[in-house]
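Numbering (full-length UniProt numbering), first residue to last: 1 to 806.
No residue lacks a Cβ here, since even glycine has one placed at the ideal position from N, Cα and C.
Keep in mind the model is a prediction, meaning the values are calculated, not measured.
One structure is given below, encoded as structure tokens.
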């Protein structure tokens, strides 16, 4: 599924094989220079061409030899399917024929027989469009034409250019600033210069450094912001580029960059509707969603602000019309109501896509059909990679934009299926992996919403024939009953040749691999785990989703959460036991008043302010394994508190040691189960969650009469960088370095009273990691007043030391 690659040398080919097929590495190392050096490899590509010859080849080198010896035609390329050991030699290559995407195949093309500078249209399973031209790496070897980056091989006076993927537009100059002129257009959002000192002369801190300033603007997480070196940039809608400084006394400051004298880039104004985030909207709507009249942008009454036409000269801040000058979710305005600083506007969408700022997606944990209608909150792929924003062209340029697919709901970096692929997918933030399917199940294959049965203990199988529905290591010994792929497709029987012919893995060829039926197996010890041939004619094989059974996995609940982007105040009731680390902190009379997070077999993390009523451990009770506040479930577990350890002075964090009466509550207690009680994972020490990362809070707190009282609720919202959160219009410098903000700045989403001490978890690499402890806020779900959480990564050493010493 990697993007199409330019010429790569034999060492890179060998390293690729080492990663993909470890068992073939030594063979590759010794033979690739002799056989494969003459070929360029493209993963996930397929050419349909007649005539062709088909062979069985144990290795890709054997297939290359067959191509070299082909007598039926001049072999220009070959396809190799490692899982089936299929070798197809072809008289064609990507220069002469169209390319299809097929995940299981790899295309090898002879060097010297193809135009290396290939252009592709999409990876949606449609045909790839190849642009033919005379300017190639071979004809211009010094022009660095080894990928699809903008270059100027012919000295064009308009600057760097490229052939485009638009069939109606052969080539076009690229929008790249002249480096000889250190200036900015508009508010400097696209400034790519090298100024690295602030207006007062402070030296800028590198963006990839966390010293002396901790921050959430991580270059790898925000590739579209060009956070290079220590250069001034504008990643968050400020009036001009800025940077964090290397001075401990000055956290950040704007840079003194002059405005360019040339005309800024023009936009096509949208007068009656808004696409994407609405930055191009220039209509005349001047009323907010609640009916309030907008304040004029040039006015400072009743609300003072910096969103003026002087600071934001390219944003169309005329009169009091709704606009989006600072990368909000949709057009908005300050209001003429002194009690309401600002609100989104009800601007119609261009197409059927709802306005992003007005409709927060409800967390759908599964998809129907091919997932074209999926509108859930997943933003991570099957291999744990973070999704690239649909509006971004970094690290992967593409045509799947909100403007091109207005009905596909391509907001933020959420998994979607705009092009009718077989499941929701996204481009990834990994430059080496262009796209992947997302980590979402089909609805007919999801976990049951019923409360899981109680299992006193979990047995780690030692007998390889034991039929347990979990795997050890790579799952070579797996003999469980699962017979569907990770996207919900039914497996083809191993003995069947319909719909897919195969000879490599059958009950006869591998009698000891458990291939008697159509269950997922791993007969070739694939490093990614069990797989099967599928009953989908368009997908020969795919992996299966089999959980590990090598003991407890923190942060990986047996019942998948909804991951609802609703709000605790207003409500999204969680699936029972989908947040199994959530505990209820209660008085001795069993009244719930705070939350907490199980982080170890006998330890709970909570907020120090939850323990103000008494210093005595005997004043508190911990309840685990419940979904309702009444705690009537059979899975309920009561524990006394044997020790309280509060965090350093001035911090809102505390550890509670559970009195387990001599038993490990996660293993030895006869009634606790893995399904209902599981710890969350601790973060890496001093890790800073990148800005805009989606995280989740849970609790039984105040719902302000909006329903769902008494059930565990959840909500998802983005992390807000402390720099933004400390703006005067937000929390005005109140947020400390050991704290973090999260919430929607328009309000409506927050934790509230009774949620204090509970978890803020963020999803990464198929695992929920505890990043925050619910601490404080100014009201509940108020606009411009996001919630504040104790940043757990700043206390990892203290947590580990406290547990070890107690």
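In terms of residue numbering, what span does the alpha helix (DSSP H) encompassing residue i cover?
| i | result |
| --- | --- |
| residue 798 | 796–805 |
| residue 63 | 60–68 |
| residue 724 | 722–725 |
Under 7 Å Cβ to Cβ from residue i, same chain only, skipping five residues before and after it: list those, please.
| i | result |
| --- | --- |
| residue 269 | 280 and 282 |
| residue 502 | 84 and 533 |
| residue 802 | 645 and 655 |
| residue 316 | 282 and 323 |
| residue 493 | 517 and 518 |
| residue 247 | 202 |
| residue 234 | 187, 188, 189, 191, 240, 241 and 242 |
Looking at the unbroken beta strand (DSSP E) that takes in residue i, where does it start and where does it end?
| i | result |
| --- | --- |
| residue 594 | 592–600 |
| residue 268 | Run containing residue 268: none; DSSP gives neither H nor E here. |
| residue 760 | 759–764 |
| residue 45 | 39–46 |
| residue 162 | 161–163 |
| residue 583 | 582–587 |
| residue 77 | 77–81 |
| residue 700 | Neither: residue 700 is in no beta strand (DSSP E) and is coded neither H nor E. |
| residue 254 | 252–254 |
| residue 554 | Neither: residue 554 is in no beta strand (DSSP E) and is coded neither H nor E. |
| residue 528 | Neither: residue 528 is in no beta strand (DSSP E) and is coded neither H nor E. |
| residue 54 | 53–56 |
| residue 767 | 767–776 |
| residue 640 | 637–646 |
| residue 787 | 787–791 |
| residue 518 | Premise fails: residue 518 is in no beta strand (DSSP E) and is neither H nor E. |
| residue 622 | 620–624 |
| residue 86 | 86–90 |
| residue 173 | 171–173 |
| residue 606 | 603–606 |
| residue 741 | 739–742 |
| residue 143 | Residue 143 -> no beta strand (DSSP E), and no H or E assigned at all. |
| residue 50 | Counting along the chain, residue 50 falls outside any beta strand (DSSP E), and DSSP gives it neither H nor E. |
Grab me the residues of residue i's own chain with a C-beta within less than 6 Å of its C-beta, minus the 5 sequence neighbours each way, in chain order.
| i | result |
| --- | --- |
| residue 448 | Reliability of the predicted coordinates at residue 448 is poor, the pLDDT of 35 falling under 50, and the value obtained from them is presented with this limitation in mind. Nothing meets the Cβ criterion. |
| residue 423 | 371, 437 and 487 |
| residue 105 | 46, 79 and 81 |
| residue 338 | 302 |
| residue 368 | 443 |
| residue 224 | 392 and 394 |
Applying the criterion that 16 or more other CB atoms from any shown protein chain within 10 Å of the CB defines a buried residue, is residue i buried or exposed?
| i | result |
| --- | --- |
| residue 22 | In this prediction, residue 22 scores a pLDDT of 35, lower than 50, which makes its location untrustworthy; the coordinate-derived value is nonetheless stated afterwards. That one is exposed. |
| residue 439 | buried |
| residue 149 | exposed |
| residue 142 | exposed |
| residue 562 | buried |
| residue 72 | exposed |
| residue 74 | exposed |
| residue 93 | buried |
| residue 765 | exposed |
| residue 174 | exposed |
| residue 199 | exposed |
| residue 267 | exposed |
| residue 733 | exposed |
What whole-angstrom Cβ distance do residue i and residue j have, given they're in contact under 8 Å?
| i | j | result |
| --- | --- | --- |
| residue 591 | residue 795 | Not really, about 28 Å apart at Cβ, beyond 8 Å. |
| residue 598 | residue 679 | 5 Å |
| residue 265 | residue 185 | 7 Å |
| residue 772 | residue 610 | Rounded, the Cβ-Cβ distance is 15 Å, inconsistent with contact. |
| residue 334 | residue 387 | So it is not a contact: roughly 32 Å between Cβ atoms. |
| residue 285 | residue 344 | Not really, about 11 Å apart at Cβ, beyond 8 Å. |
| residue 544 | residue 484 | 7 Å |
Determine whether the Cβ of residue i lies closer than 9 Å to any Cβ atom of chain B.
| i | result |
| --- | --- |
| residue 305 | As a matter of chain content, chain B is missing from the structure shown, which is built from one protein chain. |
Confirm the yes/no value for this check: CB of residue i, any heavy atom of the ligand PLP, distance under 8 Å.
| i | result |
| --- | --- |
| residue 545 | The ligand PLP is absent from the structure shown, which contains no ligands of any kind. |
Got a sec? Which residues, its chain only, sit under 8 Å from residue i by beta carbon, not counting five neighbours each side?
| i | result |
| --- | --- |
| residue 628 | 710, 711 and 712 |
| residue 160 | 150, 151, 152, 173, 174 and 176 |
| residue 403 | 275, 276 and 350 |
| residue 823 | Because the chain spans 1 through 806 in this model, residue 823 falls outside it and cannot be assessed. |
| residue 405 | 418 and 419 |
Where in the UniProt domain "Kringle" (365–443) do unbroken runs of the beta strand (DSSP E), each at least 3 residues long, occur, reported from the N-terminal end onward?
425–427 and 435–437
What are the start and end residues of each continuous beta strand (DSSP E) run of 3 or more residues lying completely inside the UniProt domain "Kringle" (272–350), in chain order?
332–334 and 342–344
Mind listing, in chain order, the continuous beta strand (DSSP E) runs of no fewer than 3 residues lying wholly within the UniProt domain "Kringle" (182–260)?
242–244 and 252–254
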